[in-house]
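Asker: Protein chains in written order, with our numbering: chain A, 4 to 764; chain B, 31 to 112; chain C, 31 to 112; chain D, 2 to 224. Here's a structure for you.
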Amino acid sequence: MSTAPRKSRDTVDDAIAHPEREQPYAELGLKANEYERIKEILGRRPTSGELAMYSVMWSEHCSYKSSKVHLRQFGDKKPETDKLLVGIGENAGVVDIGQGWAVTFKVESHNHPSYVEPYQGAATGIGGIVRDIISMGARPVAVMDPLRFGAADHPDTRRVLPGVVAGIGGYGNCLGLPNIGGEVVFDPCYQGNPLVNALCLGTLRHEDIHLASAKGVGNLVVLYGAKTGGDGIGGASILASETFEDGGPAKRPAVQVGDPFMEKLLIECTLEVLHAGLVEGIQDLGAAGISCATSELASNGDGGMHVVLDKVPLRDHTLTPEEILMSESQERMAAVVTPANIDAFLDVCRKWDVDAAIIGEVTGTGRLVIEWQGEVIVDVPPRTVAHDGPVYERPIERPDWQDALIADAPSSLKRPASAEEVRATVLQLVGSPNLASKTWVTSQYDRYVLGNTVLAQPEDAGVVRVDEGSGLGVAISTDCNGRFAKLDPYNGAKLALAEAYRNVAATGAEPLAVTNCLNFGSPEDPAVMWQFSEAVRGLADACLELGTPVTGGNVSFYNQTGDVAIHPTPVVGVLGVIDDVEKRTAMALGREGDVVLVLGETRDEFAGSEWAHVVHGHLGGIPPEVDLAAERWLAQVLVAGSRSGLLSAAHDVSDAGIAQALVEMSLRGGVGATVTVPDGTDPFVLLLSESTARAVVTVSPSDVAALESLAGQHGVPVTRLGVVGAPGADLVVENVYGGTASWTLDELRATADATLPALFG
Amino acid sequence: MARVVVDVMLKPEILDPQGKAVEGALGRLGLEGVTSVRQGKTFTVELDGEIDEERLAQVHELAGSLLSNPVIEDYVIREVTA
Amino acid sequence: MARVVVDVMLKPEILDPQGKAVEGALGRLGLEGVTSVRQGKTFTVELDGEIDEERLAQVHELAGSLLSNPVIEDYVIREVTA
Amino acid sequence: MRVGVVTFPGSLDDRDAARAVRIAGGEAVALWHADADLHGVDAVVLPGGFSYGDYLRCGAIARFAPVMGELVKAAQGGLPVLGICNGFQILCESHLLPGALVRNDSLHFVCRDQRLRIESTSTAWTSSYEVGQEIVVPLKNGEGGYVADEATLDRLEGEGRVVARYLELNPNGSRRDIAGIANERGNVVGLMPHPEHAVEPLTGPTTDGLGFFTSILKGLVEA
Ligand SMILES: Nc1ncnc2c1ncn2[C@@H]1O[C@H](COP(=O)(O)OP(=O)(O)O)[C@@H](O)[C@H]1O
Ligand SMILES: [Mg+2]
Numbered sequence: 004m005s006t007a008p009r010k011s012r013d014t015v016d017d018a019i020a021h022p023e024r025e026q027p028y029a030e031l032g033l034k035a036n037e038y039e040r041i042k043e044i045l046g047r048r049p050t051s052g053e054l055a056m057y058s059v060m061w062s063e064h065c066s067y068k069s070s071k072v073h074l075r076q077f078g079d080k081k082p083e084t085d086k087l088l089v090g091i092g093e094n095a096g097v098v099d100i101g102q103g104w105a106v107t108f109k110v111e112s113h114n115h116p117s118y119v120e121p122y123q124g125a126a127t128g129i130g131g132i133v134r135d136i137i138s139m140g141a142r143p144v145a146v147m148d149p150l151r152f153g154a155a156d157h158p159d160t161r162r163v164l165p166g167v168v169a170g171i172g173g174y175g176n177c178l179g180l181p182n183i184g185g186e187v188v189f190d191p192c193y194q195g196n197p198l199v200n201a202l203c204l205g206t207l208r209h210e211d212i213h214l215a216s217a218k219g220v221g222n223l224v225v226l227y228g229a230k231t232g233g234d235g236i237g238g239a240s241i242l243a244s245e246t247f248e249d250g251g252p253a254k255r256p257a258v259q260v261g262d263p264f265m266e267k268l269l270i271e272c273t274l275e276v277l278h279a280g281l282v283e284g285i286q287d288l289g290a291a292g293i294s295c296a297t298s299e300l301a302s303n304g305d306g307g308m309h310v311v312l313d314k315v316p317l318r319d320h321t322l323t324p325e326e327i328l329m330s331e332s333q334e335r336m337a338a339v340v341t342p343a344n345i346d347a348f349l350d351v352c353r354k355w356d357v358d359a360a361i362i363g364e365v366t367g368t369g370r371l372v373i374e375w376q377g378e379v380i381v382d383v384p385p386r387t388v389a390h391d392g393p394v395y396e397r398p399i400e401r402p403d404w405q406d407a408l409i410a411d412a413p414s415s416l417k418r419p420a421s422a423e424e425v426r427a428t429v430l431q432l433v434g435s436p437n438l439a440s441k442t443w444v445t446s447q448y449d450r451y452v453l454g455n456t457v458l459a460q461p462e463d464a465g466v467v468r469v470d471e472g473s474g475l476g477v478a479i480s481t482d483c484n485g486r487f488a489k490l491d492p493y494n495g496a497k498l499a500l501a502e503a504y505r506n507v508a509a510t511g512a513e514p515l516a517v518t519n520c521l522n523f524g525s526p527e528d529p530a531v532m533w534q535f536s537e538a539v540r541g542l543a544d545a546c547l548e549l550g551t552p553v554t555g556g557n558v559s560f561y562n563q564t565g566d567v568a569i570h571p572t573p574v575v576g577v578l579g580v581i582d583d584v585e586k587r588t589a590m591a592l593g594r595e596g597d598v599v600l601v602l603g604e605t606r607d608e609f610a611g612s613e614w615a616h617v618v619h620g621h622l623g624g625i626p627p628e629v630d631l632a633a634e635r636w637l638a639q640v641l642v643a644g645s646r647s648g649l650l651s652a653a654h655d656v657s658d659a660g661i662a663q664a665l666v667e668m669s670l671r672g673g674v675g676a677t678v679t680v681p682d683g684t685d686p687f688v689l690l691l692s693e694s695t696a697r698a699v700v701t702v703s704p705s706d707v708a709a710l711e712s713l714a715g716q717h718g719v720p721v722t723r724l725g726v727v728g729a730p731g732a733d734l735v736v737e738n739v740y741g742g743t744a745s746w747t748l749d750e751l752r753a754t755a756d757a758t759l760p761a762l763f764g
Numbered sequence: 031m032a033r034v035v036v037d038v039m040l041k042p043e044i045l046d047p048q049g050k051a052v053e054g055a056l057g058r059l060g061l062e063g064v065t066s067v068r069q070g071k072t073f074t075v076e077l078d079g080e081i082d083e084e085r086l087a088q089v090h091e092l093a094g095s096l097l098s099n100p101v102i103e104d105y106v107i108r109e110v111t112a
Numbered sequence: 031m032a033r034v035v036v037d038v039m040l041k042p043e044i045l046d047p048q049g050k051a052v053e054g055a056l057g058r059l060g061l062e063g064v065t066s067v068r069q070g071k072t073f074t075v076e077l078d079g080e081i082d083e084e085r086l087a088q089v090h091e092l093a094g095s096l097l098s099n100p101v102i103e104d105y106v107i108r109e110v111t112a
Numbered sequence: 002m003r004v005g006v007v008t009f010p011g012s013l014d015d016r017d018a019a020r021a022v023r024i025a026g027g028e029a030v031a032l033w034h035a036d037a038d039l040h041g042v043d044a045v046v047l048p049g050g051f052s053y054g055d056y057l058r059c060g061a062i063a064r065f066a067p068v069m070g071e072l073v074k075a076a077q078g079g080l081p082v083l084g085i086c087n088g089f090q091i092l093c094e095s096h097l098l099p100g101a102l103v104r105n106d107s108l109h110f111v112c113r114d115q116r117l118r119i120e121s122t123s124t125a126w127t128s129s130y131e132v133g134q135e136i137v138v139p140l141k142n143g144e145g146g147y148v149a150d151e152a153t154l155d156r157l158e159g160e161g162r163v164v165a166r167y168l169e170l171n172p173n174g175s176r177r178d179i180a181g182i183a184n185e186r187g188n189v190v191g192l193m194p195h196p197e198h199a200v201e202p203l204t205g206p207t208t209d210g211l212g213f214f215t216s217i218l219k220g221l222v223e224a
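The following block contains the structure:
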């Protein structure tokens, strides 16, 4: 441990003196033309330290080089809004929710690390997104976890899922952040590429917004939090061992280990220094660590920074400077602080037992200069590292199999044709892994901490109270049906947005803004790039039409095994505002005798449905029609119905249609309903179609007319289905092909509850 | 009756937040000069019958897969008592 | 530079669900004849300087109060390397 | 009525405990772990969370915090103290309460709405309840299994110091379904479930937890 720090063998002077030295740019993931560009920018070859920085910052993950040209649409097609206080491009967008309050929210992927080491991969996924939120000056108040796994009964799913869930719980619970929702979806397409997306929501007052920029020549750059170790720097090891070191350093772990306790201290410490006005600029350290933090802070500010790398507190003293620059050690932050405030800043760090070190200062040189042991090892224009990375227009080609997929409509699949068959089909769906109760997962998450959770899973959206005085709150839901996106990426992305939007509205919140995590295969595959471009176009178009701007997000490419990509999975998160959380609508059936109605129109739509998937293993055809105007009208009815106290329950209709919606509402309330299929309606279509823009609601009998009139004003069709039963009553559907299908709550609950515990213990 | 004791430790380069917490506490409680604490796990496995080469190989196999996570941990079989 | 290794084990009468879970898993993975598995903790403490009687007494004291909870756990100082 | 709520590094439910005190009608006073001073409060809540990350054993490191020295003395002198979850663990580690809390038998962290029966109302924190009253409050822990030797368990039962018991399902393998216990005097209570999360109809499954906080205020007024 007490070995002397390693010398860099490659200073700027060396780079000038030895222009011929070969560099392992390809091993670091840089293309020949990218390496040439670096040389052009610098007017010489890069030093090994500079190469380290450029290689991580110009990686797909950090530079968005394949996605950038497409993501611009989110800005170009941005709906008119005065709610966006900070837009795309910062650590996270900030949305005005009124009364001087703002919220920031963002979703990010930690897919690959979670496959390699499920517990730590997922845990550090939560850690990373939480730091993004605190770096905006917000207090994190909730997390969500949209997850996708391979087949539920595959042995490797048994390795991955319990670890991921324990990691998310282990980190989030220990941070004291309620988990208010997420998704658990199984599909064989995710077998080698599980998706672990993590969302964090933060709240702040308008005046507390902070941005990542290093302004004010002479201001100090402070690195605080955990010490830097050799985590996640496989690439840097190549750099150090194969070219510059004989023998080479010890193998560095590609896996990062999280310390949620340190992160909790980091949250409290950061909020305290921000609120005390001790910070000029702030940045979290995530991917690319110090390389990213210094270059982004510098290029967003006055453009210059001088860093003395020897000052970085190290956990492992054998690290080379290149490795220190690339390390992805968790639980670190960087702040820019005036000399006048530095003592106060360090005092707060001491109070919270957080290590802090002044590693440099802001300069007016326009260059990011990093020295190590008295020699300059990096001297670059910071913008070229942080923002002017390569941009690619990757080839795009609609896959040749797309037409065959669409042509394979589900119309010929055998449908249930009697009450008994409908009964069995619904039970089969209720117990299928994607629809079964997720309590095995969610009971490992604390949903109560902070005392502001108004709704959490299994409700349609998580709802948290933001202001205890006024009852102002927000609702969030994330959704994506990857099967729809596979059938039609353009409309699939729209459907993902529509579903999340509908879920938020179902609680009574008005949808306001969007975040997303775009999980796709390799961008070097033109077919994947087509899916990606279609999905982005669909999402941007839909956001414009629904009036909900994209505030930020994340792209995860290379989710593929060999040349087989996952289903395109554009996970969309919608945030809504509710003026008074007391008014929120929950999904449980309650009062006996309340009338059960469906809002919206049901069509015969089964392509990509849960029924086709579970019963027939079928995926083909054209996904349900997208009608965003109808979504908007439906949302208005749901929000108005909640505000006026008209609705006693509401639940959006999506996977497995009205049948599944009724089952979930019954189980949640501990009471079934008796409903009747209207004459002239096909029972199977009514119960299991996945047409969009629909919700099941209940109102007291005396309010039916008021609801019908409210829906009428918005042009939303209303169908009266039946009434809520007495406590404990069965769920009964009459007029099903001349018979009655009914289920006791006990059998529904037993079926729904058995699946995940049987699979995962 | 045989007994095998397996020690599992985090790899030296992996962060050990537990060890760090203990390190801090030992210092606060007056133990001076602590330079590092690492926390590990120990499994004491009792087995019926003899422990021959083959069974020991099996234990090695399981120590490296079930008892430890090779991505972040190393193991040693500290003790084998026949 | 001195090193002290402290082993902490649950007292025999305290149920060890983690050990039990490992026991079951070892059996399922084909290791036959496992009669019991107990899981314990190990602390490897590195100290500057010498370790004399007095310091060792201090380590004992802390092993019995901080590192283990005497209500449910026993400890042994397995190794002292000067 | 001033009720102190201690914040350790890693305390999480300290705001919730303070809110519960306020809703019950008391004044919540923030106490800091590094401050060897109870600021003259009339009672103390040790809230839930993961003090020091719970890295060694839950509560093991917090027990040595400066504030705990004062607290142990005051508790021995009769100051009412309620330890919730991590607070319960800290009270056991401090030997203010017998026994210990170990890893859940399921090996999973568990968060659920838990039914309990109040077994003793002769403590400072349960006088608002009836003996045998059934309540539902959130439970959330990874190491909540209460263990003690048989003699200790028998003594706790015999002296009426089992404060609450799990009903319907034992969520963590606690011996004799014990959810909470008291010291001999009844001023110190440790509880694994979280009554502070059941004080508002909007955010809790019930408001059944409020009784713990009204009990202490009632007791203090009468004293
Ligand atoms: N799919 C997307 N949709 C909208 N914005 C995106 C998307 N992907 C990335 N962004 C935005 O690009 C910026 C850079 O992203 P990223 O490098 O992941 O941020 P950070 O380093 O703070 O995590 C962020 O503002 C992020 O919100
Ligand atoms: Mg960021």
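For each residue, glycine too, the CB sits at the ideal point set by N, CA and C. Keep in mind the model is a prediction, meaning the values are calculated, not measured.
At which residues does the beta strand (DSSP E) containing A/I581 begin and terminate?
Answerer: In the first sequence, counting from the first residue as 1, residue 581 of chain A sits at position 578. Segment T572 to I581, the beta strand (DSSP E) holding A/I581.
Asker: Pull up the CB-CB distance for D/D43 and D/E197, whole angstroms please, since I reckon it's below 8 Å.
Answerer: In the fourth sequence, residue 43 of chain D corresponds to position 42, counting from 1. In the fourth sequence, residue 197 of chain D corresponds to position 196, counting from 1. Going by Cβ atoms, the distance from D/D43 to D/E197 rounds to 18 Å, so no, they are not a contact pair.
Asker: A/F264 touches chain B at which residues, Cβ-Cβ below 8 Å?
Answerer: Working through the first sequence from its first residue, we reach residue 264 of chain A at position 261. Simply P47 and A51.
Asker: With respect to the alpha helix (DSSP H) encompassing C/R33, which residues constitute its N-terminal and C-terminal limits?
Answerer: The count along the third sequence starts at 1 and reaches residue 33 of chain C at position 3. Not the alpha helix (DSSP H): C/R33 falls in the beta strand (DSSP E), residues A32 to L40.
Asker: Give a yes or no on whether the minimum CB-CB distance between C/I81 and chain D is below 8 Å.
Answerer: The sequence position of residue 81 of chain C within the third sequence is 51, counting from 1. For C/I81, the answer is no, since every Cβ of chain D falls outside 8 Å of its Cβ.
Asker: DSSP three-state label for A/A501, please.
Answerer: By one-based count along the first sequence, residue 501 of chain A stands at place 498. Looking at A/A501 - three-state DSSP - the assignment turns out to be helix.
Asker: Listed from N- to C-terminal order along the chain, which residues in the region 296-319 of chain A have their beta-carbon within a distance smaller than 9 Å of any beta-carbon of chain B?
Answerer: R318 and D319
Asker: How would you list, in chain order, the residues of chain D whose beta-carbon sits under 9 Å from the beta-carbon of B/L59?
Answerer: As a working note, residue 59 of chain B is residue 29 in the second sequence. Chain D residues near B/L59: F65.
Asker: For a cutoff of 8 Å on Cβ pairs, would you count B/T111 as touching chain C?
Answerer: For this step, residue 111 of chain B is matched to residue 81 along the second sequence. Proximity of B/T111 to chain C, defined by a Cβ-Cβ separation below 8 Å, is not satisfied.
Asker: Based on the DSSP output, what are the partners of D/K141 in its beta bridges?
Answerer: Numbered from 1 along the fourth sequence, position 140 holds the residue referred to as residue 141 of chain D. Note: D/K141 sits in a beta bridge opposite D/C112.
Asker: Alpha carbon to alpha carbon, how far is A/E378 from A/K254? Give it in angstroms, no decimals.
Answerer: Counting from 1 along the first sequence, the entry for residue 254 of chain A is found at position 251. Counting from 1 along the first sequence, the entry for residue 378 of chain A is found at position 375. Residue placement at A/K254 is poorly supported in this model, since its pLDDT is 47, which falls under 50; the coordinates are not used for a value here.
Asker: Quick check on the burial criterion: 16 or more other C-beta atoms within 10 angstroms. Buried or exposed for D/Q115?
Answerer: Walking along the fourth sequence from the start, residue 115 of chain D turns up at place 114. D/Q115 is buried by the Cβ-count criterion.
Asker: Return the Cβ separation of D/F9 and D/S52 in integer angstroms, given the expectation that the two are a contact with Cβ distance under 8 Å.
Answerer: Here residue 9 of chain D refers to the residue found at position 8 of the fourth sequence. Here residue 52 of chain D refers to the residue found at position 51 of the fourth sequence. Their Cβ separation, rounded to whole angstroms, is 4 Å, which keeps D/F9 and D/S52 in contact under 8 Å.
Asker: So, A/Q438 versus A/L549, is the Cβ gap smaller than 8 Å?
Answerer: For the purposes of this step, residue 438 of chain A is taken as residue 435 along the first sequence, with counting starting at 1. For the purposes of this step, residue 549 of chain A is taken as residue 546 along the first sequence, with counting starting at 1. Checking the displayed sequence, the identity of residue 438 of chain A turns out to be Leu instead of Gln. Their beta carbons are not under 8 Å apart, which means A/L438 does not touch A/L549 by this criterion.
Asker: If you measure beta-carbon to beta-carbon, which residues of the region 156-170 of chain A are closer than 7 Å to chain D?
Answerer: none
Asker: Which ranges does the alpha helix (DSSP H) cover as unbroken runs of at least 4 residues, wholly within the region 286-310 of chain A, from first to last along the chain?
Answerer: Listed in chain order, the complete alpha helix (DSSP H) runs (minimum 4 residues) inside the region 286-310 of chain A are 292-303.
Asker: Measuring straight from C-alpha to C-alpha, what distance separates A/A478 and D/C112?
Answerer: If you number the first sequence from 1, residue 478 of chain A lands on position 475. If you number the fourth sequence from 1, residue 112 of chain D lands on position 111. Computed Cα separation, rounded: 21 Å.
Asker: How would you call A/S5, buried or exposed, if buried means at least 16 neighbouring beta carbons within 10 angstroms?
Answerer: Stepping through the first sequence from its first residue, residue 5 of chain A is reached at position 2. In this predicted model, A/S5 has a pLDDT of only 39, less than 50, meaning its place in the structure is not dependable; the value taken from the coordinates is given anyway. Exposed, because fewer than 16 other Cβ atoms sit within 10 Å of the Cβ of A/S5.
Asker: How is A/E271 classed by DSSP in three states: helix, strand or coil?
Answerer: Residue 271 of chain A sits at position 268 when you count from the first residue of the first sequence. In the structure shown, A/E271 sits in a helix (DSSP, three-state: H, G or I).
Asker: Which same chain residues, not among the five before or five after B/L39, have their C-beta less than 7 Å away from its C-beta?
Answerer: In the second sequence, the residue the question calls residue 39 of chain B occupies position 9. Contrary to the premise, residue 39 of chain B reads as Met rather than Leu in this sequence. Same-chain partners within the cutoff: R68, G70, E103 and D104.
Asker: Taking the runs of the beta strand (DSSP E) that are 3 residues or longer, which of them lie wholly in the region 345-372 of chain A?
Answerer: As far as the region 345-372 of chain A is concerned, its whole beta strand (DSSP E) runs of at least 3 residues are 359-366.
Asker: 8 Å is my cut-off, CB to CB: does A/G179 come that close to chain B?
Answerer: Stepping through the first sequence from its first residue, residue 179 of chain A is reached at position 176. No, A/G179 does not count as interfacial toward chain B.
Asker: DSSP on A/T754, reduced to helix/strand/coil?
Answerer: Position 751 of the first sequence holds residue 754 of chain A. A/T754: helix per DSSP, three-state reduction.
Asker: Judging by CA-CA distance, which residue of A/V531, A/G596 and A/S70 is the nearest neighbour of A/A729?
Answerer: Counting from 1 along the first sequence, the entry for residue 729 of chain A is found at position 726. It is A/G596 whose Cα lies nearest to the Cα of A/A729.
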